[in-house]
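Contents: one structure, followed by commentary.
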Amino acid sequence: MKRNDLQFFSRLDLFFIVTPIFIAFFIAAIPQASGKNGVVTVYISGELVYEQPLTRTATWVVKSDGEYLSTLVVDGSKEKVKLVDSNCPLKICERTGWVGIGGSIVCVPNKIVVKVEGKTKASEIDIVTW
Amino acid sequence: MVVVAVLAAFGVAIYVVERLIPFPLPVGRWGLSNYPVLTIILCGRAPDALLILIVKSVVGSMIIGSFLSPQFIMGLGGGICAVLAMWALEACSNKVSAVRVSVTGATVNNVIQVLIASAMVKNWAPTAYLPVLLIVGEISAVANAYLAWKTVIILKEGRFI
Amino acid sequence: MRKADRKDVLKKRIVIQSIVFLTAILIFLAVALWMNFSRGSTAYVEKDEFVFGTLVRVVVSSEKRDPKAIADAMIQEMKRLESKFHPYHDGNSVIFKLNHATGPVTVDEETAFLISKSLYYSEITAGAFDPALGRLIKLWGFDSPDTKKRVPTSEEIAKALESSGYANVEIHSKEVSLKNHAWLDLGGIAKGYAVDQAVRLAKKIDENATGFVDAGGDIAIIGPKFGQFPWKIGIRDPRGGPQDIIGVVYLSEGAIATSGDYERYFEVDGVRYHHIFDSKTGYPARKSISATVIAEKLVDADALSTAAFVLGWSKIVEGFVGLGAQAMVIDAEGKIYKTKGFVAYEKE
Chain Z
0 MKRNDLQFFS
10 RLDLFFIVTP
20 IFIAFFIAAI
30 PQASGKNGVV
40 TVYISGELVY
50 EQPLTRTATW
60 VVKSDGEYLS
70 TLVVDGSKEK
80 VKLVDSNCPL
90 KICERTGWVG
100 IGGSIVCVPN
110 KIVVKVEGKT
120 KASEIDIVTW
Chain F
0 MVVVAVLAAF
10 GVAIYVVERL
20 IPFPLPVGRW
30 GLSNYPVLTI
40 ILCGRAPDAL
50 LILIVKSVVG
60 SMIIGSFLSP
70 QFIMGLGGGI
80 CAVLAMWALE
90 ACSNKVSAVR
100 VSVTGATVNN
110 VIQVLIASAM
120 VKNWAPTAYL
130 PVLLIVGEIS
140 AVANAYLAWK
150 TVIILKEGRF
160 I
Chain R
0 MRKADRKDVL
10 KKRIVIQSIV
20 FLTAILIFLA
30 VALWMNFSRG
40 STAYVEKDEF
50 VFGTLVRVVV
60 SSEKRDPKAI
70 ADAMIQEMKR
80 LESKFHPYHD
90 GNSVIFKLNH
100 ATGPVTVDEE
110 TAFLISKSLY
120 YSEITAGAFD
130 PALGRLIKLW
140 GFDSPDTKKR
150 VPTSEEIAKA
160 LESSGYANVE
170 IHSKEVSLKN
180 HAWLDLGGIA
190 KGYAVDQAVR
200 LAKKIDENAT
210 GFVDAGGDIA
220 IIGPKFGQFP
230 WKIGIRDPRG
240 GPQDIIGVVY
250 LSEGAIATSG
260 DYERYFEVDG
270 VRYHHIFDSK
280 TGYPARKSIS
290 ATVIAEKLVD
300 ADALSTAAFV
310 LGWSKIVEGF
320 VGLGAQAMVI
330 DAEGKIYKTK
340 GFVAYEKE
């Protein structure tokens with residue numbers, strides 16, 4: 000008798016379908032809410048020398064022991080950074096161009112590393128081969 | 000008993016073949032092998048559902064060589080919790096719909112699997128997969144529900160069960 | 000039973016069902032939060048260091064030992080090998096001594112192994128990989144990031160080529176001699192070897208350690224992500240920005256290396272002169288713009304990616320499969336070629 004009641008779908012099911020979607024979006028939103036939305040850090044020879052939010056447009060002169068090395072440009076609206084006017088010979092750091100969250104710019108001769116730190120999603124790339 | 004055996008065999012077959020279907024994430028599977036489990040639950044025979052689940056997981060993973068691997072433990076753990084949840088839902092009412100049971104099972108299955116994964120790697124990273132897993136789970140859950148619903152009707156009409 | 004009663008009962012059941020469903024979800028979330036706060040996580044320690052003229056990034060995790068100590072030990076090992084194999088500047092370097100010796104030199108086992116390995120790869124790649132191009136590299140100014148780069152005259156190149164090429168290297172067990180004043184530059188292979196040794200060291204400290212070493216885009220895997228997931232590795236688009244990806248591979252073990260014309264180069268009159276030379280012409284190789292090789296060890300991936308870059312897509316590169324390596328080559332027109340096995344790494 001009991002099993003004749005079996006339906007494929009009833010209106011209440013919408014609630015059951017929507018709830019997991021809601022949870023899905025809730026969880027997907029957590030990393031952005033709790034993590035920093037992007038911090039630009041500059042290291043010279045492994046030492047942190049500068050830090051600022053990615054969303055603030057600014058330029059900063061990279062110096063070591065008073066010697067000019069390079070200039071950091073942060074575009075807050077594009078949320079990207081680049082190095083310009085470097086004094087190194089090959090200018091690989093300048094050619095790197097604009098980088099966003101998860102990216103980095105390396106100047107080998109001056110031992111400068113610029114990193115754009117921020118939470119990236121698990122589905123994204125871990126490492127890049129180049 | 001014959002029906003249970005046939006469904007279990009079905010489960011094993013789907014479990015093995017399902018791996019070949021492309022999946023949007025590097026880990027995980029669609030969950031279509033849960034169709035036999037769902038069918039037997041909708042017939043009101045939850046204990047048999049546990050049996051089918053264990054048979055399809057153990058035999059299926061032995062065939063593809065993932066027996067006792069992390070994926071196997073995640074799948075079995077999630078599956079058992081899903082069966083228990085669907086059973087509870089069934090027991091609460093004699094008027095449930097196939098979609099409701101199926102979606103509940105899929106959701107519980109995915110959440111538990113990710114929690115087991117998180118516990119195994121002692122890191123919170125696997126939860127990042129959960130949103131996609133939940134959405135994908137819903138799609139296959141509705142597909143499973145439709146198949147299971149049709150199957151139950153056929154089984155009933157033929158008085159197989 | 001009256002109709003109204005039945006409806007009430009039905010409503011009640013729906014309410015109960017909903018409550019059970021919600022409670023279940025809440026319990027899962029509570030368990031989740033509790034687990035999050037009650038246990039520490041397998042954190043990955045990341046350490047950056049300038050070695051081998053590039054930024055080397057060590058990312059390692061260990062449950063048994065302090066991952067920081069492992070990372071430090073790995074970097075120490077790589078630095079040791081860097082100063083040992085630096086061909087041009089370090090007076091303590093074995094290679095430097097070899098390049099400036101007048102007769103045969105007896106070297107240690109490690110150096111002999113690396114030189115033999117280099118010569119092996121030179122032979123099977125018909126000289127596309129060549130460890131004896133030191134004179135040529137120095138002439139173009141690619142011996143150090145600080146050297147001024149310039150395009151030499153064809154006479155200069157012809158002269159440098161006379162003192163270049165792997166045929167000038169002779170090794171009998173541990174006795175190495177260089178003919179025609181040739182200079183060894185193991186740059187194409189020493190970095191890979193050093194990273195492999197660092198990975199081996201990490202495994203020796205904790206065999207279950209996981210993580211990877213990224214030596215300027217040449218990557219060796221220590222172990223899968225969190226012990227069970229493959230690392231998702233993007234292959235850089237040779238004509239895109241630093242974060243533009245042309246393909247993705249998944250590696251739980253092994254190594255991957257890419258050689259490209261966009262890594263180190265200078266431009267004169269709009270022509271790009273990069274750092275990977277064709278030993279036949281003495282000029283930068285032009286057949287491809289990027290070559291990626293997956294192999295078990297980075298030393299192999301490193302040498303073979305250089306060779307594949309110089310050769311372009313060819314029978315020899317297709318033959319890498321026989322050595323247990325897979326390759327992807329992008330030619331000068333941007334067309335992508337892959338060995339069959341390479342495709343297998345693009346899934347899961």
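Chains as they are written, first to last, in numbering that gives the first Met the number 0: chain Z, 0 to 129; chain F, 0 to 160; chain R, 0 to 347.
Even for Gly, the Cβ is constructed at its ideal location relative to N, Cα and C.
Neighbour flag for residue i against chain B, beta carbons, 8 Å
{"i": "Z:I22", "result": "Among the protein chains of the structure shown, namely Z, F and R, there is no chain B."}
Classification of residue i by the beta-carbon crowding that lies within 10 angstroms, buried from 16 upward
{"i": "R:S153", "result": "exposed"}
{"i": "F:K149", "result": "exposed"}
{"i": "F:I38", "result": "Per the sequence shown, residue 38 of chain F should be read as Thr rather than Ile. Per the 10 Å Cβ criterion, buried."}
{"i": "R:Y367", "result": "What the structure shows of chain R is the stretch from 0 to 347, and residue 367 of chain R is not part of that stretch, so it cannot be assessed."}
{"i": "R:H99", "result": "exposed"}
{"i": "F:Q166", "result": "Coverage of chain F is limited to positions 0 through 160, which leaves residue 166 of chain F absent and any answer about it impossible."}
{"i": "R:D268", "result": "exposed"}
{"i": "R:G39", "result": "For R:G39, the predicted model reports a pLDDT of 43, less than 50, meaning its position is unreliable; a value from the coordinates is still stated below. Per the 10 Å Cβ criterion, exposed."}
{"i": "R:H85", "result": "buried"}
{"i": "F:E137", "result": "buried"}
{"i": "R:I15", "result": "exposed"}
{"i": "R:Q75", "result": "exposed"}
{"i": "Z:G25", "result": "Here the sequence assigns Phe to residue 25 of chain Z, which means Gly is not the residue at that position. Per the 10 Å Cβ criterion, exposed."}
{"i": "R:D301", "result": "buried"}
{"i": "Z:V61", "result": "buried"}
{"i": "Z:D125", "result": "buried"}
{"i": "F:L6", "result": "buried"}
{"i": "R:E185", "result": "The sequence shown places Leu at residue 185 of chain R, rather than the Glu named in the question. Buried, by the Cβ-count rule."}
{"i": "R:I26", "result": "exposed"}
{"i": "R:Y119", "result": "exposed"}
{"i": "R:T124", "result": "buried"}
{"i": "R:G133", "result": "buried"}
Backbone secondary structure at residue i - three-state DSSP
{"i": "R:Y272", "result": "strand"}
{"i": "Z:K114", "result": "strand"}
{"i": "R:D47", "result": "strand"}
{"i": "R:Y249", "result": "strand"}
{"i": "R:R56", "result": "strand"}
{"i": "R:R134", "result": "helix"}
{"i": "F:C80", "result": "helix"}
{"i": "Z:K81", "result": "strand"}
{"i": "F:P35", "result": "helix"}
{"i": "R:K259", "result": "Note on identity: in this sequence residue 259 of chain R is Gly, with Lys being the wrong assignment. Three-state DSSP puts R:G259 in a strand."}
{"i": "Z:I22", "result": "helix"}
{"i": "Z:V141", "result": "Outside the shown range of chain Z, which is 0 to 129, sits residue 141 of chain Z, and nothing can be said about it."}
{"i": "F:W86", "result": "helix"}
{"i": "R:A294", "result": "strand"}
{"i": "R:T305", "result": "helix"}
Segment limits, beta strand (DSSP E) that includes residue i
{"i": "F:C42", "result": "First-last for F:C42: undefined, no H or E at that position."}
{"i": "R:K349", "result": "The requested residue 349 of chain R does not occur in the structure, where chain R is confined to residues 0 to 347."}
{"i": "F:W148", "result": "Segment L129 to E156 is the alpha helix (DSSP H) holding F:W148; no beta strand (DSSP E) there."}
{"i": "Z:S69", "result": "E66 to D74"}
{"i": "R:G222", "result": "D217 to G222"}
{"i": "R:A326", "result": "Q325 to D330"}
First and last residue of the uninterrupted alpha helix (DSSP H) at residue i
{"i": "R:Q196", "result": "G186 to I204"}
{"i": "F:L208", "result": "Absent from the model: residue 208 of chain F. The displayed extent of chain F is 0 to 160, so no value can be given."}
{"i": "F:Y14", "result": "V1 to E17"}
{"i": "Z:C92", "result": "I91 to T95"}
{"i": "R:K314", "result": "K314 to E317"}
{"i": "R:K158", "result": "S153 to E161"}
{"i": "R:R349", "result": "Beyond the ends of chain R as shown, which are 0 and 347, falls residue 349 of chain R; an answer cannot be given."}
{"i": "F:G104", "result": "A97 to V120"}
Best match in the options for proximity to residue i [C-alpha to C-alpha]
{"i": "F:V15", "options": "F:V135, F:M61, F:E89 and F:I138", "result": "F:M61"}
{"i": "Z:K114", "options": "Z:S76, Z:I43 and Z:G65", "result": "Z:I43"}
{"i": "Z:V112", "options": "R:S287, R:V55 and R:P283", "result": "R:V55"}
{"i": "Z:I100", "options": "Z:P88, Z:V73, Z:R94 and Z:P108", "result": "Z:V73"}
{"i": "R:T291", "options": "R:L160, R:D129, R:D217 and R:L118", "result": "R:D217"}
{"i": "R:H180", "options": "R:G253, R:L97, R:G240 and R:G311", "result": "R:L97"}
{"i": "R:S251", "options": "R:A208, R:K147, R:P241 and R:E155", "result": "R:A208"}
{"i": "Z:L11", "options": "F:W123, F:S96 and F:V131", "result": "F:S96"}
{"i": "Z:V80", "options": "Z:S9, Z:E46, Z:E50 and Z:P88", "result": "Z:E50"}
For this session: Counting only runs of 4+ residues fully inside the region 73-124 of chain R, write out the alpha helix (DSSP H) ranges in chain order.
Result: 93-98 and 108-123
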